[in-house]
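Only one structure is covered here, and it is reproduced in the block below.
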Amino acid sequence: QDRIGQPLENMSRGMQQKVAIARAFLTAPIVLLLDEPTTGLDPRSKIDVQTFVRQLREDHDATILITTHDMDEAEALCDRVAIIDQGRIVAMGEVDELKRAAAERMERTTPVTMNEVFMHYTAAHLITDADIERYGSWEKAFEALEAQKEDEG
């Protein structure tokens with residue numbers, strides 16, 4: 021209530037995101053596209069925007085399509101996830117389904133994270149055990165592979 025009438029440019033980035041999403045719902049869309057809705061937000065604002073999106077999902081009969089590089093966010097907000105690598109969908113399904121399939125393909129008996137699912141279905145299959153040992157973790161080996169791909173491209 022205290023923000024009604026306040027110019028948008030005087031609001032926090034998180035509040036601006038919530039206002040933009042709410043404005044989009046004023047037209048009662050069938051499909052709403054949210055492109056990186058929490059990028060650049062502080063942790064509190066990110067949680068607020070995610071909570072707001074969850075509430076909108078419950079209150080409106082609309083499909084919400086979210087693009088994000090944040091796999092934790094995808095897991096928290098999405099019923100289904102599509103992983104895109106170099107413009108191609110390389111995996112798509114429900115979060116638990118993707119995790120189970122990746123764990124099987126990786127021959128893992130312990131649960132995998134959505135970040136590991138992403139890395140598995142993208143160029144991460146090029147990472148060897150020697151790379152993981154060299155860089156100290158799968159994530160760091162993946163970052164090194166991405167940097168190498170950028171240098172070559």
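Counting from 1, position 2 in the sequence shown corresponds to residue 22 in the numbering used here; the numbering is continuous, with no gaps. Glycine included, every Cβ here is placed at the ideal spot set by N, Cα and C. Remember, predicted model here, so these are calculated numbers, not experimental data.
Review point. Who are T88's beta bridge partners in DSSP?
Key: Counting from one through the sequence shown, the residue named residue 88 turns up at place 68. Answer is none; T88 lacks a bridge partner.
Exercise for review: Kindly indicate the opening and closing residues of the beta strand (DSSP E) around G156.
Suggested key: In the sequence shown, residue 156 corresponds to position 136, counting from 1. It is not in any beta strand (DSSP E) - G156 carries neither H nor E in the DSSP assignment.
Review point. From what residue to what residue does the beta strand (DSSP E) around L76 run?
Key: In the sequence shown, the residue the question calls residue 76 occupies position 56. No beta strand (DSSP E) contains L76, which is instead part of the alpha helix (DSSP H) from 63-79.
**Study point:** At least three beta-carbon pairs within less than 8 Å, the stretch 56-66 to the stretch 33-40
**Key:** yes
Exercise for review: Identify whether A82 lies in helix, strand or coil by the three-state DSSP scheme.
Suggested key: Stepping through the sequence shown from its first residue, residue 82 is reached at position 62. Note: A82 maps to coil in three-state DSSP.
Check your understanding: Can the beta-carbon of A150 be found closer than 8 Å to that of L165?
Key -> Numbered from 1 along the sequence shown, position 130 holds the residue referred to as residue 150. Numbered from 1 along the sequence shown, position 145 holds the residue referred to as residue 165. It is not a contact, given that the beta carbons lie outside the stated cut-off.
Exercise for review: Ignore the nearest five residues each way along the sequence and tell me which others in A94's own chain have a CB closer than 8 Å to its CB.
Suggested key: Taking the sequence shown and counting its residues from 1, the one referred to as residue 94 is at position 74. The answer, listed in chain order, is I86, T88, V101, V115, M134.
Check your understanding: Leaving out five residues before and five after H80 in sequence, what residues of the same chain have Cβ atoms less than 7 Å from its Cβ?
Key -> Mapped onto the sequence shown, residue 80 falls at position 60. The residues are F45.
Point to revise | Coil, strand or helix - V132 by DSSP | key: Position 112 of the sequence shown holds residue 132. It is coil, neither helix nor strand.
Point to revise | 8 Å Cβ shell around K169 - same chain, five flanking residues per side excluded | key: The residue you call residue 169 lines up with position 149 of the sequence shown. Result list for K169: A143, in chain order.
Check your understanding: Does the separation of the CB atoms of L97 and R74 fall below 8 Å?
Key -> To locate residue 97, count along the sequence shown from 1; it is residue 77. To locate residue 74, count along the sequence shown from 1; it is residue 54. Yes, Cβ-Cβ distance for L97 and R74 is below 8 Å.
Check your understanding: Which term fits E117, buried or exposed, when burial requires 16 or more other beta carbons within 10 angstroms of its beta carbon?
Key -> For the purposes of this step, residue 117 is taken as the residue at position 97 of the sequence shown. With fewer than 16 other Cβ atoms within 10 Å, it is exposed.
Check your understanding: So, are the CB atoms of M91 and F162 less than 8 Å apart?
Key -> Here the question's residue 91 lines up with position 71 in the sequence shown. Here the question's residue 162 lines up with position 142 in the sequence shown. Contact flag unset, no.
Point to revise | Three-state secondary structure assigned by DSSP to D99 | key: Here the question's residue 99 lines up with position 79 in the sequence shown. Coil, per DSSP.
Review point. So I84 and L52 are in contact, right, with Cβ under 8 Å, and what is the actual spacing, rounded?
Key: Sequence index remark: in the sequence shown, residue 84 carries index 64 (1-based). Sequence index remark: in the sequence shown, residue 52 carries index 32 (1-based). I84 to L52, Cβ: 5 Å. Contact.
Check your understanding: Ends of the alpha helix (DSSP H) at I15?
Key -> Absent from the model: residue 15. The displayed extent of the chain is 21 to 173, so no value can be given.
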